[in-house]
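Participant:
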Amino acid sequence: MSMPLVVPERSAAHRGLQAAGIVALGALAVWASTSNQFVLGQLTVALLYATAIAGLNLATGYTGQLSIGHSAFFGLGAYTTGILVASHNWNPLVTLIPAALICFATGLLVGLPSLRIRGINLALVTLALAVAFPELVDRFPSFTGGQIGLDISVFQLLPPHWTGISVADRFQYYYWLSAGLLAIVLVLCATLTRSRAGLAMRAVRDRETAAAAMGVNLAWTKMATFGLSGAITGVAGGIFAIYLGSLSADSSFTLTLSITLITGLVIGGVATTLGPVIGGLAVYFVPYWTENLRQGEASELIFGVVLIALMFVMPEGLMGLAIRLSRRVLRIEPQPPARPDGRTGPPPPNGTDHPAARDSGPAAAPDHRQERNTA
Amino acid sequence: MEIFLDRLFDGISNGAIYAALALALVMVYRATGTINFAQGEMALFTTYLAWGLTTRNVPVWVALLAAAAAGFALGAVSERALVRPIEKRGLLATLIVLLGLFSVLNAADGLLWGRGNQSMPSLFPNTLQSYVSVFGARLYWANIGVWLLVAAVVGLMFALFNRTPLGLQMRATANNRESAALSGVPVGRILMLGWGLSAAIGAVAGVLFTPLTPDSLSLGEMFPLLIYASAAALFGGLDSPGGAVVAGLLLGVVEVLLPAYVPAVGGQLQEAIAFVAIVAVLLLRPQGLFGSREVERV
């Protein structure tokens, strides 16, 4: 058998491989859920980080808008849930909806400067967001609890009856809540980034001017991506509040968290679907292990050295490396998407199933969305 | 009036330090096109070094020179060994390497010099009596010293940029690395020089800033400073050394005066307000106050 094995995209074999991968991940999640409470708690936070990183990946990985302000979205989501549950007695799960909406709106607002400010300048603007968030929380203590923090009663955060999870097993509930959210977010991101909108996002990242010339609406693409990115990170923050039950902006939602998230994104693999999962687990567990190995500064030193070494050895991240290595064994050959009328060529404008940009069809096909760009 | 002047003097001192660090950031940005997130930790490392020397009875001025020299070496080596090989992998990879360096330097400080807060001896007379009276306000010699030394450093840098062949080569490299290389500029050495000088400026800033507050030499000292300096650099225009200095001074003064005279700001929102103001300015002028406009060739 010749290497690499070539499998056409969307063929039965490809679908089979995908299904096998999903089953394997599901089995892994079930196996992990048999851990003890302490490890379950750790996994819950790590998976929430992974979700937050998946959100960040949309803005930074796919659209090229470097953000070091995502700690603010995580915190905003957490505080939305926290305030609504603690002060207004909402059902915790329902609060995730306003958390998503508020973070989406904030993301749109933050996306606004990105229309004029790029690259490292934009990173510094998002830095402003990360720095401002804890200060704002401290400024309005009647609302947020300020520096003392915001406590939610444990009784409000127990698993609902319909889950059938007993109070003693509540860590199972938090774990599956975060695992479920992560699964939904991963599917959402995978679908989005493989769609026509995903193509537009990557075009904006790789060559903005050319993307605009092709009829990509730069303003909307950037703002909407930032909004969605913020919303995903915010919902992860909301579940973080449900799990933790006690919020303090000065300890949980500072710039350090933003740096953790961006580090996780790069370690895991920028612009990959599963990279955020690996990255989230890595940034949570690696410091924990090095801390066990050596205390205090030595652990920080090891972490820094590992970070630098990783960038030198595999700048594409763990997932990027895995993808590159797996290509030696198995190659998924992109196929032009099928058109409803049976002809080949680019899909009609409403097509949502478009392979990566290397698809050679005339990309600038007539398109009703080809209005003049607004940038 | 006295209180206003007191505050103004303090603000100018802080602003001078921000200006120096912002200038260092701008020099790195012009060389490499990135923000050196490890700039503050480089400054902290060299400040600790200077403090370590003074505990062994080395005169402060000698310690300052040693710190600047160590900073130069640290910056130049970081550029050559860490940044240049990773630069072509993109902004994100460079950023992560610099964050790694941040972590390593901070941890090294803790391992070498301990976690406790230390007091750095001042370069200038630093007692409660060593001041001159200006309209009833006390202008301490320590403040004057900071102003003069920062002014000297900034002046030297501008003379270097604008009056020497070396400065011309640095500007050429910042402007267009390829063309500079084709014209015979040793681009690699110029980049190392840029990073080295910027870390040396950081070292001077650290040694000057730390004695302004007693017991302030600690592992977390430089990070807020880096944030302010980045804000100043961004405000002035990331590629404009003059802009960085003006914006740094402005930020230092506003940071002290605003909470004192606008009660709504209070003590906790300073950084947030500084940043919001800067973002607002950037929306109108994306290139900052004095930066050059980004032009894209199609």
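Those sequence lines, one after another, are chains A and B.
1 is the number of the first residue of the first sequence in this note's numbering; add one for each residue after it.
1001 is the number of the first residue of the second sequence in this note's numbering; add one for each residue after it.
Beta carbons are placed, not taken as given, at the ideal position from N, Cα and C, and that holds for glycine.
1. Can we say the stretch 1205-1224 of chain B touches the stretch 1004-1024 of chain B, given the rule of at least three CB pairs closer than 8 Å?
2. The alpha helix (DSSP H) that contains A:Ile165, what's its start and end?
3. Using a C-beta cutoff of 8 Å, does A:Ile259 count as contacting chain B?
4. Can you tell me which of the three DSSP states B:Leu1156 falls into?
5. Counting only the same chain and skipping the five closest in sequence on each side, list residues whose C-beta sits under 8 Å from that of B:Val1185.
6. For B:Ser1216, which residues does DSSP report across the bridge?
7. On the criterion of 16 or more Cβ atoms from any shown chain inside 10 Å, does B:Phe1004 qualify as buried, or is it exposed?
8. Am I right that B:Leu1111 and A:Ala298 are in contact with their C-beta atoms under 8 Å? What's the rounded C-beta distance?
9. List, in chain order, every chain B residue whose beta-carbon is nearer than 9 Å to that of A:Phe303.
10. In the DSSP assignment, find the unbroken alpha helix (DSSP H) run with B:Tyr1228 in it and report its ends.
11. When you check each C-beta in the stretch 1228-1250 of chain B against every C-beta of chain A, which residues fall closer than 9 Å?
12. Mapping the DSSP letters down to three states, classify B:Arg1285 as helix, strand or coil.
13. Taking the alpha carbon of A:Leu307 as the reference point, which residue from A:Met319, A:Leu274, A:Pro287 and A:Leu293 has its own alpha carbon closest?
14. Give me whichever residues DSSP pairs with A:Ser246 in a beta bridge.
15. Could you check whether the Cβ of B:Thr1032 sits closer than 8 Å to any Cβ belonging to chain A?
16. Using a Cβ-Cβ cut-off of 8 Å, state whether B:Gly1110 counts as contacting chain A.
17. Here's a check: name, in chain order, each residue in its chain whose Cβ is nearer than 8 Å to the Cβ of B:Gly1236, leaving out the five neighbours to either side.
18. Can you pull the chain A neighbours of B:Leu1082, defined as C-beta to C-beta under 7 Å?
19. Let's test the definition: count the other Cβ atoms within 10 Å of the Cβ of B:Met1001 and tell me whether it reaches 16, buried, or not, exposed.
20. Check the Cβ of A:Asn57 against every Cβ in chain B and list those closer than 8 Å, keeping chain order.
21. For B:Arg1007 and B:Leu1082, I'd like the C-alpha separation in whole angstroms.
22. For B:Leu1064, which of B:Gly1033, B:Lys1088, B:Gly1116 and B:Leu1208 has the nearest alpha-carbon?
23. Got a sec: which bits of the stretch 133-165 of chain A sit with their beta carbon under 7 Å from any beta carbon on chain B, in order along the chain?
24. Does the separation of the CB atoms of A:Val154 and A:Gly245 fall below 8 Å?
25. In chain order, what residues of the stretch 1121-1134 of chain B put their CB closer than 8 Å to some CB of chain A?
26. Three or more beta-carbon pairs under 8 Å between the stretch 27-34 of chain A and the stretch 247-261 of chain A, yes or no?
27. Let me see if you follow: with CB-CB separation under 8 Å, is B:Ala1272 close to chain A or not?
28. Which residues of chain A have a Cβ atom closer than 8 Å to the Cβ of B:Pro1085, listed in chain order?
29. Since B:Arg1084 contacts B:Leu1191 with CB under 8 Å, what's their CB separation in whole angstroms?
30. Helix, strand or coil: how does DSSP classify B:Pro1186 here?
31. Starting from the beta carbon of A:Ile323, find every residue of chain B whose beta carbon is closer than 7 Å, and list them in chain order.
32. Are B:Gly1155 and B:Phe1161 closer than 8 Å when you measure CB to CB?
33. Chain A beta carbons: is any one of them nearer than 8 Å to that of B:Met1091?
34. Under 8 Å between the Cβ atoms of A:Gly275 and A:Gly234?
35. With 8 Å as the C-beta to C-beta threshold (strictly closer), list the residues of the stretch 58-74 of chain A near chain B in chain order.
36. Going by DSSP, which residues form a beta bridge with B:Arg1056?
Facilitator: Looking at the atomic coordinates:
1. Contact between the stretch 1205-1224 of chain B and the stretch 1004-1024 of chain B is present, because at least three Cβ pairs lie under 8 Å.
2. The count along the first sequence starts at 1 and reaches residue 165 of chain A at position 165. First-last for A:Ile165: undefined, no H or E at that position.
3. Here residue 259 of chain A refers to the residue found at position 259 when the first sequence is read from its first residue. Yes, A:Ile259 lies at the interface with chain B (some Cβ there is under 8 Å from its Cβ).
4. Position 156 of the second sequence, counting from 1, holds the residue named residue 1156 of chain B. In the structure shown, B:Leu1156 falls within a helical segment according to DSSP collapsed to helix, strand and coil.
5. Your numbering for residue 1185 of chain B matches position 185 in the second sequence. These residues qualify, in order along the chain: Gln1169, Ala1172 and Thr1173.
6. Translated into the one-based positions of the second sequence, residue 1216 of chain B becomes position 216. Its beta-bridge partners do not exist; DSSP assigns none.
7. As a working note, residue 1004 of chain B is residue 4 in the second sequence. The Cβ neighbour count for B:Phe1004, taken over all protein chains shown within 10 Å, is under 16; the residue is labelled exposed.
8. What you label residue 1111 of chain B is simply residue 111 of the second sequence in a count that begins at 1. What you label residue 298 of chain A is simply residue 298 of the first sequence in a count that begins at 1. About 7 Å; that satisfies the 8 Å criterion.
9. Taking the first sequence and counting its residues from 1, the one referred to as residue 303 of chain A is at position 303. What A:Phe303 touches in chain B: Gly1100, Ser1103, Val1104 and Ala1107.
10. Translated into the one-based positions of the second sequence, residue 1228 of chain B becomes position 228. Note, B:Tyr1228: alpha helix (DSSP H), Met1222 to Gly1236.
11. Taking 9 Å as the cut-off between beta carbons, the residues of the stretch 1228-1250 of chain B near chain A are Ser1230, Ala1231, Ala1233, Leu1234 and Leu1238, in sequence order.
12. Stepping through the second sequence from its first residue, residue 1285 of chain B is reached at position 285. Reduced to three states, the DSSP call for B:Arg1285 is coil.
13. On the first sequence, position 307 is the one that residue 307 of chain A refers to. Nearest of A:Met319, A:Leu274, A:Pro287 and A:Leu293 to A:Leu307, Cα basis: A:Pro287.
14. Walking along the first sequence from the start, residue 246 of chain A turns up at place 246. Looking at the DSSP assignment, A:Ser246 forms a beta bridge with A:Asp151.
15. By one-based count along the second sequence, residue 1032 of chain B stands at place 32. False, the Cβ-Cβ gap to chain A never drops below 8 Å.
16. Stepping through the second sequence from its first residue, residue 1110 of chain B is reached at position 110. Interface annotation, B:Gly1110: in contact with chain A, CB-CB separation under 8 Å.
17. In the second sequence, the residue the question calls residue 1236 of chain B occupies position 236. Around B:Gly1236: Ala1022, Val1026, Gly1242, Gly1243, Ala1244, Val1245, Val1246, Ala1247, Gly1248, Gly1288, Leu1289, Phe1290 and Gly1291.
18. As a first step, residue 1082 of chain B must be located in the second sequence, where it is residue number 82. The answer, in chain order, is Ile308.
19. The residue labelled residue 1001 of chain B in the question sits at position 1 within the second sequence. Looking at its Cβ environment, which holds fewer than 16 other Cβ atoms inside 10 Å, B:Met1001 is exposed.
20. Walking along the first sequence from the start, residue 57 of chain A turns up at place 57. Chain B residues near A:Asn57: none, gap ~11 Å exceeds 8 Å.
21. For this step, residue 1007 of chain B is matched to residue 7 along the second sequence. For this step, residue 1082 of chain B is matched to residue 82 along the second sequence. Between B:Arg1007 and B:Leu1082, the C-alpha separation is close to 41 Å.
22. In the second sequence, residue 1064 of chain B corresponds to position 64, counting from 1. With distances taken between Cα atoms, B:Leu1064 lies closest to B:Leu1208.
23. Flagged, chain order: Glu135, Leu136, Asp138 and Arg139.
24. Mapped onto the first sequence, residue 154 of chain A falls at position 154. Mapped onto the first sequence, residue 245 of chain A falls at position 245. Yes, Cβ-Cβ distance for A:Val154 and A:Gly245 is below 8 Å.
25. Correct list: empty, as no residue qualifies.
26. Segments in contact, no.
27. Against the second sequence, residue 1272 of chain B aligns to sequence position 272. So yes, B:Ala1272 belongs to the interface.
28. Counted from its first residue, the second sequence places residue 1085 of chain B at position 85. Ordered by position in chain A, the residues that pass the 8 Å Cβ test against B:Pro1085 are Phe312.
29. Translated into positions along the second sequence, residue 1084 of chain B becomes position 84. Translated into positions along the second sequence, residue 1191 of chain B becomes position 191. Correct: roughly 7 Å between the Cβ atoms.
30. Within the second sequence, numbered from 1, the residue matching residue 1186 of chain B stands at position 186. For B:Pro1186, the secondary structure class from DSSP, reduced to helix, strand or coil, is coil.
31. Numbered from its first residue, the first sequence carries residue 323 of chain A at position 323. Within chain B, no residue comes near A:Ile323; the closest Cβ sits about 16 Å away, beyond 7 Å.
32. In the second sequence, counting from the first residue as 1, residue 1155 of chain B sits at position 155. In the second sequence, counting from the first residue as 1, residue 1161 of chain B sits at position 161. It is not a contact, given that the beta carbons lie outside the stated cut-off.
33. For the purposes of this step, residue 1091 of chain B is taken as residue 91 along the second sequence, with counting starting at 1. Residue identity check: residue 1091 of chain B is Leu in the sequence provided, not Met. Yes, B:Leu1091 counts as interfacial toward chain A.
34. Reading the first sequence from its first residue, position 275 is the one you call residue 275 of chain A. Reading the first sequence from its first residue, position 234 is the one you call residue 234 of chain A. No, the pair does not count as a contact, with Cβ atoms beyond the cut-off.
35. Of all residues in the stretch 58-74 of chain A, Thr60 and Leu66 have a Cβ within less than 8 Å of some Cβ in chain B.
36. Along the second sequence, one-based indexing puts residue 1056 of chain B at 56. DSSP lists no partner for B:Arg1056.
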